[in-house]
Amino acid sequence: DLGIESHKGTYYQKSNKDLFDQLKKENKHSKYLPKIHIFPEAGLMNDPNGLAYFNDQYHVFFQWYPFGTVHGLKHWGHTTSTDLVHWSSQEFALIPNQEYEKNGCYSGNAIEFEGKLYLFYTANYKTAEGKIPKQAIAVMDQEGNIEKYAEPIISGEVEGLSGELRDPFVFKKSDTFYMLLGGSQFHGHSYAGFGDNGILLLYKSKNLFEWEYMGIIDIPIDTGYMLECPSLIQVDDKDVLFLSLMGVSSESQRFSNRFASIYLVGKLEIDAMYFQVENWDEMDAGFDFYAPQAFYGKRNIPLLLAWFGCGEPEYPMKENWKHGLTFPQQVSLEDGKFKRYPVKEIIEQFSNQQEVATSSFNIDSPTYYLKLNEGLHFKVGKENDYWEFIYNASAGKVTISRENLRQKIDETYGSERSTFINAITSVDVFVDNSFVEVYLNKGEKVFSFNVFQEGTTTVWSPAGQLEGTLYVSEP
Ligand code: FRU
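For the sequence shown, the UniProt record's numbering begins at 3 and goes up steadily by one.
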């Protein structure tokens, strides 16, 4: 019992510091902790925020309710790394302790300017009539001190739009700053709640504090009823736009999760206010992926992290932590086609190598990387507790099934996910305890999903011989 009114909870302060420390301590004994993925020391983690390579360090901020595994009052957590593998957790970056952000410090990004890191976020502010949109700013100096600006930099409703305007993503082009914002538009009714279609708003600024509203960017695809977490990155000479969408109808093997994340490759025509699309698709074919955010790493390499989660799935066991983030991934375009793959520092963690050419073998480590040279049918776990990779070559279809896990994970949206692919040249399976990422053709398609299994793992193929390499992470 946290002694708080509702599950929305309270914010971190002196009086609950001991509780927080105790929750963190208990979690150290969890059986399902990943070794390499970023996960919450306690409570629930969602969207990655404020991603940056700043002052010779990687900074990852994230949405966090630290006192329970529910979407409670959102803080910004903060962790840093020099290699994208070993992370050291920092003090809370943003605690929702101001009146203007009384319902949480929601998502946003970061941009470096004049030697400081500017953190943009949505100050969530609810009233009985609906939300009043507010976007806020905090500044981090070289020493890591973070200070909130006295008041939101953008505040108030926009005519015809829902109050759900959020998740600022700021970038610079020439000498101008631009901000993308997610939102929802009405066709004929009132302002409370979500509207009828998801929209992408654009603002511009010369100084990061004063912003001018430019209007809505035209995106020629179904954006559902609400657009969240826009993000943008340049790869080669193209723009890649990432959107997280609520209410996109599911179609044949796409958009099967509660919410969808998509990428669009093309060009953002700022003056004409539209995104010219060359190709686009759903980001991930798995169960547990949402709210990706892109940023530039060391030597300006385009990187991406996403929430390892989606919606509010029920887990079979009670743990005091929930969700985490995906591996940091490098983004690339191959013949204009979008790909993402774990950064090389992650791959280097899997050093202990052994060739496999058999139909069944055992793995003792909870963290391993299995590299297969072709698509096949295989199962991972134990006789009555396994997940399954099924390749139907004639249909060009790959399916991941969680149907036969002993610890069932919320099946509201089904227990299978499939995707189509022309031919499979490689299958890279990364298992980090309860976090699994499967990459087809080095990131042409990816499945991200959780499983909760224990003990020795058997990998076996009912269809034939498995050929590849098994890498185990050194303890
Ligand atoms: C996406 C999201 C964002 C919001 C945040 C709140 O998962 O709903 O739109 O800022 O989570 O935690």
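Even for Gly, the Cβ is constructed at its ideal location relative to N, Cα and C.
Per DSSP, what kind of secondary structure is Q332 in: helix, strand or coil?
strand
Is Q187 helix, strand or coil when you go by DSSP?
Shown here, Q187 sits in a strand according to DSSP, grouped into three states.
Own chain residues within Cβ distance below 6 Å of Y388, not counting five before or after:
In the same chain as Y388, and ignoring 5 residues on each side of it, the C-beta atoms closer than 6 Å to its own belong to K381, V382, N406, in chain order.
Alpha-carbon spacing of D85 relative to Y151, whole angstroms:
31 Å
Does DSSP put Q24 in a helix, in a strand, or in coil?
helix
Residues passing the C-beta test against the ligand ADP heavy atoms, cut-off 7 Å:
With respect to small molecules bound, the structure shown includes the ligand FRU and not the ligand ADP.
Candidates K76, S252, D337, Q144, of which the one nearest D238 by Cα
With distances taken between CA atoms, D238 lies nearest to D337 out of K76, S252, D337, Q144.
In the DSSP assignment, find the beta strand (DSSP E) that holds K447 and state where it starts and stops.
447-452
Assuming the contact rule is C-beta atoms closer than 8 Å, Q187 and G162 should be a hit. Round their C-beta distance to whole Å, please.
The Cβ separation is near 6 Å, so the contact holds.
What separation, rounded to the nearest whole angstrom, lies between the Cα atoms of Y265 and S17?
43 Å
Give a yes or no on contact between the stretch 60-67 and the stretch 77-84, applying the rule of three or more CB pairs nearer than 8 Å.
yes
Just curious, the beta strand (DSSP E) that T219 is in, first and last residue?
Position check: residue 219 holds Ile in this sequence, whereas Thr was assumed. Segment 214-219, the beta strand (DSSP E) holding I219.
Would you call the stretch 29-40 and the stretch 421-441 touching, i.e. three or more CB-CB distances under 8 Å?
yes
Using DSSP with H/G/I as helix, E/B as strand and the rest coil, what is residue 1?
This structure cannot settle anything about residue 1, because the visible part of the chain is limited to 3 through 477.
For W309, which residues from the same chain have a beta carbon less than 6 Å from its beta carbon, with the 5 sequence-adjacent residues on both sides left out?
N48, D49, Y292, A293
Paired residues, beta bridge with A54 - DSSP:
H61
Considering only their Cβ atoms, is the gap separating T129 from S109 smaller than 8 Å?
no
Figure out for me which residue from F297, D290, S334 has the closest Cα to the Cα of E314.
D290
Which term fits E253, buried or exposed, when burial requires 16 or more other beta carbons within 10 angstroms of its beta carbon?
exposed
Which residues in the same chain have their Cβ closer than 6 Å to the Cβ of S233, if we skip the five residues on either side of it in sequence?
The residues are F171, F244, Q295, A296.
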